[in-house]
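Each remark here refers to the structure printed beneath this line.
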Amino acid sequence: MEKCSICLKEFPEAAMKKMIQIVNRKAYNKAICPSCQAIVANNPNYYYLVEEK
Numbered sequence: 005m006e007k008c009s010i011c012l013k014e015f016p017e018a019a020m021k022k023m024i025q026i027v028n029r030k031a032y033n034k035a036i037c038p039s040c041q042a043i044v045a046n047n048p049n050y051y052y053l054v055e056e057k
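Positions 5 to 57 (my numbering) are the ones given, in order, by the sequence shown.
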């Protein structure tokens, strides 16, 4: 279980999306739950984290 960075509710790790938040030229790693992804998708400060395999 992992906490959402926005609503602070716990969700399984498989449901969370890893995103990067840019604030004042600094990048922060965030975990976003499915319900908060709709809010974050329209925010230009958040970017999806793509991990290479």
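Note that beta-carbon positions come from the ideal geometry of N, C-alpha and C, so glycine has one too.
Per-residue DSSP class, three states only, for residue i
i   : result
E17 : helix
I26 : strand
K34 : strand
Beta-carbon gap between residue i and residue j smaller than 9 Å
i   : j   : result
Y50 : Q25 : yes
M20 : C8  : yes
P38 : F15 : yes
For residue i: DSSP bridge partner residues
i   : result
E6  : F15
A42 : The partner list for A42 (beta bridge, DSSP) is empty, contrary to what the question assumes.
7 Å CB neighbourhood of residue i in its chain, flanking five on each side removed
i   : result
M23 : K34, I36, V44, Y50, Y51, Y52, L53
6 Å CB neighbourhood of residue i in its chain, flanking five on each side removed
i   : result
E17 : E6
heavy atom of the ligand NAD below 8 Å from residue i C-beta
i   : result
S39 : Questions concerning the ligand NAD fall outside what the structure shown contains, since it holds no ligand whatsoever.
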